[in-house]
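Working notes, beginning with the structure itself.
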Amino acid sequence: MQLLLGGCLINLMENITEQIEEIEVLSAIYGHDFQVVDEAKRIYKIHVPHRYDSWWSVTLRVVLPPEYPSKTHPVFEIHSAWMSEADEIEMSDLLYTISHDHQGEIVLYQWVEALRTFIDNKVGDQGEGEVPPPSSHLGKREHLSVTFPVDVNKCDNEESAICNIALESLAVVDPEDNAFKHLQVSESEEKPEIIHGEPFTDRKSTFQAHVAHVITKEQVKQVMEELRQNRKISNAAHNVMAYRIFCEDRKSFLQDCNDDGEALAGGKLLHLLQIVEARNVIVVVTRWFGGTLLGPDRFKHYNNCARDVMKMAGFVDTSNPNNMKESKSKSRFKSGKKH
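Letter by letter, the sequence shown follows residues 0 to 338 in numbering that gives the first Met the number 0.
This is how it looks when you write it as structure tokens:
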């Protein structure tokens with residue numbers, strides 16, 4: 000009897016630990032769309048918006064029982080103004096199927112993304128025409144200036160130090176500075192060519208890197224806008240970005256990065272660009288979360304995917320990984336090349 004009770008207690012503790020980790024991940028991914036209704040009772044609410052029309056949004060309300068995820072799935076309710084009874088039944092069946100296919104695993108992320116796909120398909124069935132591009136979380140920054148709230152020499156942990164070292168040499172630039180007007184691209188200039196790397200999967204999370212040659216801030220924006228036109232990329236859990244542009248007149252770099260909710264990942268990606276001495280390049284690594292937390296391994300995957308695609312595109316000298324092969328990148332990306 001004591002062994003049985005001890006085993007049950009261990010299972011419950013493991014369940015609670017997994018629930019806490021799952022909630023932390025969902026909060027990081029969905030931001031304000033994720034709400035804690037009652038933490039003591041493990042009740043949460045996730046808003047699933049349509050990218051273009053709020054009418055098609057759905058709200059998923061869940062209760063996490065103590066037996067989840069080892070023995071059961073979350074209790075859920077689906078709310079939306081546009082749903083018919085048939086839609087609600089179809090959605091519910093979809094979530095039950097996911098739970099059945101992933102018994103013993105956390106499933107809330109899969110549920111939310113399945114609902115998002117259901118909404119997209121439903122809108123498509125209504126014969127929706129052309130819609131404006133989404134205001135995605137990709138490339139939201141409007142300024143190049145960067146502040147450094149942490150002294151690298153006083154960092155308490157290695158990850159904080161790495162992040163700050165990666166940002167240490169950023170050029171702090173006023174976007175209105177006339178000296179940088181040459182960084183604005185003319186309307187006639189062609190968009191950068193984006194090269195996509197091979198996807199890599201670990202424990203159901205898939206990573207894919209994208210790289211392009213850029214020499215202006217405007218081209219950085221163009222790359223991000225083009226990537227988010229891809230629905231699969233736009234709907235990914237994270238799109239971690241870093242870029243470095245060398246200013247010939249000032250002999251300094253314009254550099255920036257974006258974690259996109261994956262804390263420290265952007266800084267590590269920028270640090271990679273620095274150690275390989277990459278210049279005039281933007282790299283974006285997309286992660287589709289598979290429901291299993293990867294821990295520190297995720298940072299290794301971000302950087303490995305980025306390094307591989309830069310090598311493939313000719314931004315890294317394979318004979319010397321600490322140097323960027325400038326001549327090769329110039330030959331691949333010529334000024335005014337039509338993509």
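We put the beta carbon where it would ideally sit given N, CA and C, even for glycine.
query	result
Residue span of the beta strand (DSSP E) that contains E76, given as start and end	V74 to H78
Where the beta strand (DSSP E) through F314 begins and ends	That residue, F314, is in no beta strand (DSSP E); it is neither H nor E in DSSP.
Q221 - partner residues in DSSP beta bridges	Beta-bridge pairing links Q221 to no other residue.
R297 burial status per 10 Å Cβ neighbour count (16 or more: buried)	buried
Cβ contact check for the stretch 80 to 90 and the stretch 10 to 30: 3 or more pairs under 8 angstroms	no
Assigned exposure category for I274 - 16 Cβ within 10 Å defines buried	exposed
Best match in K216, V219 and V282 for proximity to A241 [C-alpha to C-alpha]	V282
C-alpha gap between N229 and G260, whole angstroms	19 angstroms
D248 (DSSP reduced to helix, strand or coil)	coil
R230: first and last residue of the uninterrupted alpha helix (DSSP H) it sits in	R230 to S233
Option nearest S251 by Cα separation, candidates Y301, A262, H99 and I214	I214
Environment of D248 [buried if 16+ CB atoms lie within 10 Å]	exposed
E76 classed as buried or exposed, judged by whether at least 16 other C-beta atoms fall within 10 angstroms	exposed
Per-residue DSSP class, three states only, for S91	helix
Nearest to V340 (by Cα), restricted to the options I97, W55, V111 and K70	Since the displayed the chain opens at 0 and closes at 338, residue 340 lies outside it and no answer follows.
Three-way DSSP call (helix, strand, coil) for T16 in this model	helix
Three-state class that DSSP yields for I45 in the structure shown	strand
Check whether T291 and R202 have beta carbons under 8 angstroms apart	yes
Short Cβ contact (8 angstroms threshold) for V284 with A262	no
With 16 other Cβ atoms within 10 Å as the buried cut-off, status of L226	buried
Classification of D258 by the beta-carbon crowding that lies within 10 angstroms, buried from 16 upward	buried
Backbone CA spacing between R278 and L272 [nearest angstrom]	8 angstroms
Cβ shell of I105 (< 7 angstroms), same chain only, five flanking positions each side left out	E17, E21, P68 and G290
Element boundaries [beta strand (DSSP E), containing A211]	S204 to H212
Spatial neighbours of V47 in its chain, beta-carbon cut-off 8 angstroms, leaving aside the 5 residues before and after	D32, S56, V57, T58, L59, V111, L114, R115 and I118
Own chain partners of L293 with C-beta closer than 7 angstroms, once the 5 adjacent residues on each side are dropped	D201, R202 and S204
N- and C-terminal bounds of the alpha helix (DSSP H) containing H270	A264 to I274
For H142, three-class secondary structure by DSSP	With a pLDDT of only 32 at H142, under the threshold of 50, the placement of this residue in the model should not be trusted; the figure read from the coordinates follows. If DSSP states are grouped into helix, strand and coil, H142 belongs with coil.
Which residues DSSP lists as bridging R370, in chain order	Nothing can be reported for residue 370: it is not among the residues displayed for the chain, which extend from 0 to 338.
A235 classed as buried or exposed, judged by whether at least 16 other C-beta atoms fall within 10 angstroms	buried
Identified DSSP bridge partners for W287	T205
Supposed contact pair Q221 and K190 - C-beta distance, whole angstroms, cut 8 angstroms	5 angstroms
Beta carbon of V61 nearer than 8 angstroms to that of L93	no
Close-in-space but distant-in-sequence residues of the same chain around P64 (CB under 8 angstroms, 5 per side omitted)	R41, T71, P73 and V74
I9 versus E66 - alpha carbon distance	11 angstroms
Q34 versus E23 - alpha carbon distance	11 angstroms
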